[in-house]
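Input: a single structure, listed below in structure tokens.
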Amino acid sequence: MDGFDLDRATEVGWAGFLTRLAAHLATATEPLRITPYGAGSESAPALEVRPDGEVLHAELRIPEGRPALDEQNRRHLGSLGWREESPTAYLLERPRTHAHLLAAVVSDTLRHVVGAPHPAFLDAGSLTIAPPDPADDVAVRPEIDLDEPVRVTTPAELRQAVETTLHATMGHPPRRDADGDVPIVFGTTLVYVRTADAQPVVSIFAILVQDVADLEAARREVGILNRESVFAKFHLVGRQVVASVAIPSLPFVPRHLVGMIELMGRELDRLDDALAVRVQGRRWIDVMTGRGPGGVETASATPDTRDGTGGQEEGDLGSGQAPDGLPEELLTLLNLDREGPVPLEPALVADVCHHDRALILRFIRIAEERTISGRGAVDEAREAGDVERARAATEELHRWQSSVRDLRAALRHVVTFGQAEG
Numbered sequence: 001m002d003g004f005d006l007d008r009a010t011e012v013g014w015a016g017f018l019t020r021l022a023a024h025l026a027t028a029t030e031p032l033r034i035t036p037y038g039a040g041s042e043s044a045p046a047l048e049v050r051p052d053g054e055v056l057h058a059e060l061r062i063p064e065g066r067p068a069l070d071e072q073n074r075r076h077l078g079s080l081g082w083r084e085e086s087p088t089a090y091l092l093e094r095p096r097t098h099a100h101l102l103a104a105v106v107s108d109t110l111r112h113v114v115g116a117p118h119p120a121f122l123d124a125g126s127l128t129i130a131p132p133d134p135a136d137d138v139a140v141r142p143e144i145d146l147d148e149p150v151r152v153t154t155p156a157e158l159r160q161a162v163e164t165t166l167h168a169t170m171g172h173p174p175r176r177d178a179d180g181d182v183p184i185v186f187g188t189t190l191v192y193v194r195t196a197d198a199q200p201v202v203s204i205f206a207i208l209v210q211d212v213a214d215l216e217a218a219r220r221e222v223g224i225l226n227r228e229s230v231f232a233k234f235h236l237v238g239r240q241v242v243a244s245v246a247i248p249s250l251p252f253v254p255r256h257l258v259g260m261i262e263l264m265g266r267e268l269d270r271l272d273d274a275l276a277v278r279v280q281g282r283r284w285i286d287v288m289t290g291r292g293p294g295g296v297e298t299a300s301a302t303p304d305t306r307d308g309t310g311g312q313e314e315g316d317l318g319s320g321q322a323p324d325g326l327p328e329e330l331l332t333l334l335n336l337d338r339e340g341p342v343p344l345e346p347a348l349v350a351d352v353c354h355h356d357r358a359l360i361l362r363f364i365r366i367a368e369e370r371t372i373s374g375r376g377a378v379d380e381a382r383e384a385g386d387v388e389r390a391r392a393a394t395e396e397l398h399r400w401q402s403s404v405r406d407l408r409a410a411l412r413h414v415v416t417f418g419q420a421e422g
């Protein structure tokens, strides 16, 4: 199938792995050991994260007998915060509240120091992505008649028919993500293929634009797209513009699936550039490369503790910016939290965040970064002996800590009860 981009698919894999790793580390109670697939403990580096209460201890260990890391890799580990305990052991500790930051360090280490080309090549316990079947390496590309109907009677038969069709057209067995969907890259757009369990339907969908700032413009654009589209339906879900099409599969016809994937992929790749500009949002490729609306480069996400801004990225904004640079939804939650120390209702927080899971995750990251910079501000004020500034900084720190708590509760609410359409 034309349009598949291995490099971009690799970026998607690492981004998804980082997200799942961060969520796992935030609540983990057991050690997590990560090694390259097929490697024994004596033959390849191993990275382990051990939770100890509210502290996460990470260790990268090089097997005895293997050459020590070269100077470039040692410098890279040092820049990430690793401490060289010995030529074969590197240690790192982070508070559990910084799980996302530790996940970023671990992912970078696995990719650039351990040398894993894709997280699918890692044995990471419950976080393992599509464990490779040895048979895959010698899997023969199936020969099928794309126009031959296939009778399916169970969800398993439908999934198998879809996998066989994709294998035949892409030239390799399809890989599924953590949600069981098959991602396929078309230019700057990522299209997913999903099979339903409750009915004989194959769905093709894509998040065309996300982090939409101009919701009114997005509603107009969705209406126009739906009037002009022959097959796809467009929806505004939270702050995401989503395109989808359902293919009835009684019977399943391979040509229908292949044709619709190519039609959707090419059409959405044509539409997303101009749409992202009109609704002030970001395409999938912008999210992967850290760019803002319209593909504009954004500032680094590294927290800056000197001015207490937390180094917020432009791309983190869920809507129009408030005067102090925060998304309006997040500013609303901060003002609601001023009413007292009692946690906000998860349903209320979810409603303010439009029941948008991706938006809540981004707000959690902003709040965690502000918490980090807030601790620095408190320490600086105390060292300077400035009581008033220390009191104010402590109050601000507590607000951000409360926001992290409330947003995580809202995320659980959305995951449990689902997302609402905007």
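Mapping of the sequence shown onto UniProt numbering: position 43 corresponds to residue 43, and the numbering continues sequentially without gaps.
Backbone N, C-alpha and C define an ideal beta-carbon position, used for all residues, glycine too.
Let me confirm a value: residue i is counted as buried when at least 16 other C-beta atoms fall within 10 Å, else exposed. Which label applies?
i, result
"Glu-329", "buried"
"Glu-297", "At Glu-297, the pLDDT of 45 sits below 50, so the modelled position is not reliable; the number obtained from the coordinates is stated separately. Flag for Glu-297 reads exposed."
"Gly-223", "exposed"
"Gln-240", "buried"
"His-172", "exposed"
"Thr-169", "buried"
"Asp-211", "buried"
"Val-138", "With a pLDDT of 45 at Val-138, under the threshold of 50, the modelled position of this residue cannot be trusted; read the value that follows with caution. Burial call: exposed."
"Arg-408", "buried"
"Gly-115", "exposed"
"Asp-272", "buried"
"Arg-227", "exposed"
"Ala-68", "exposed"
"Asp-269", "buried"
"Val-140", "exposed"
"Ser-403", "buried"
"Gly-53", "exposed"
"Asp-406", "buried"
"Ala-367", "buried"
For residue i, which three-state DSSP category applies?
i, result
"Val-26", "Reading off the sequence shown, one finds Ala at residue 26, where the question assumed Val. It is helical."
"Ile-144", "coil"
"Ser-373", "helix"
"Phe-205", "strand"
"Phe-252", "strand"
"Pro-67", "coil"
"Asp-52", "strand"
"Gln-240", "strand"
"Glu-345", "coil"
"Leu-326", "coil"
"Ser-247", "The question names Ser, but residue 247 is Ile in the sequence shown. In this structure, Ile-247 counts as strand in the three-state DSSP scheme."
"Val-185", "strand"
"Asp-123", "strand"
"His-118", "coil"
"His-398", "helix"
"residue 424", "Look at the range of the chain in this structure, 1 to 422, and you will see that residue 424 is not part of it."
"Ala-217", "helix"
"Arg-234", "One detail in the question is off: residue 234 reads as Phe in this sequence, not Arg. Here Phe-234 sits in strand by DSSP."
"Ser-107", "helix"
"Ile-34", "strand"
"Pro-160", "It is worth fixing the name first, because residue 160 is Gln in this sequence and not Pro. DSSP places Gln-160 in helix when its eight states are reduced to three."
"Thr-195", "strand"
"Pro-149", "coil"
"Gln-210", "strand"
"Arg-175", "coil"
"His-355", "coil"
"Ser-229", "coil"
"Pro-200", "coil"
"Pro-95", "strand"
"Arg-283", "coil"
Ordered along the chain, which non-local residues of its own chain (more than five positions away) have a Cβ less than 7 Å from that of residue i?
i, result
"Val-414", "Ala-350, His-355, Arg-357 and Ile-360"
"Val-352", "Glu-329, Thr-332 and Leu-333"
"Trp-14", "Ser-107, Arg-111 and Pro-119"
"Val-378", "Ala-390, Ala-393, Thr-394 and Leu-397"
"Trp-284", "Thr-188, Thr-189, Leu-190 and Ile-207"
My guess is that residue i and residue j are in contact by the Cβ rule of under 8 Å, so how many angstroms apart are they, rounded?
i, j, result
"Ser-63", "Ala-44", "Before going on, a small fix: residue 63 reads as Pro here, not Ser. That pair is a contact at about 7 Å."
"Leu-47", "Val-106", "6 Å"
"Ala-206", "Thr-189", "6 Å"
"Phe-186", "Gly-265", "3 Å"
"Val-209", "Gly-125", "35 Å between Cβ atoms; not a contact."
"Glu-345", "Leu-275", "That belief does not hold up - the Cβ atoms of Glu-345 and Leu-275 are roughly 34 Å apart, past 8 Å."
Considering only residues of the same chain and omitting the five flanking positions on each side of residue i, which have a CB-CB separation below 8 Å?
i, result
"Val-258", "Met-1, Leu-146, Thr-165 and Thr-169"
"Ile-261", "Met-1, Ile-184, Val-191, Val-193 and Ile-204"
Just to confirm my understanding: we take residue i, look at its own chain, exclude 5 residues before and 5 after, and list those with CB closer than 6 Å. What are they?
i, result
"Ala-22", "Ala-99, His-100 and Ala-103"
"His-57", "Arg-50 and Glu-93"
"Val-113", "Asn-73"
"Trp-82", "Tyr-90 and Leu-92"
"Glu-59", "Glu-48 and Leu-91"
Given 8 Å, three or more beta-carbon pairs between the stretch 243 to 259 and the stretch 151 to 165: These segments touch.
Given 8 Å, three or more beta-carbon pairs between the stretch 185 to 203 and the stretch 212 to 223: Touching, no, given that fewer than three Cβ pairs across the two stretches are closer than 8 Å.
Three or more C-beta pairs below 8 Å linking the stretch 26 to 37 and the stretch 73 to 80: Flag = no, the stretch 26 to 37 and the stretch 73 to 80 do not touch.
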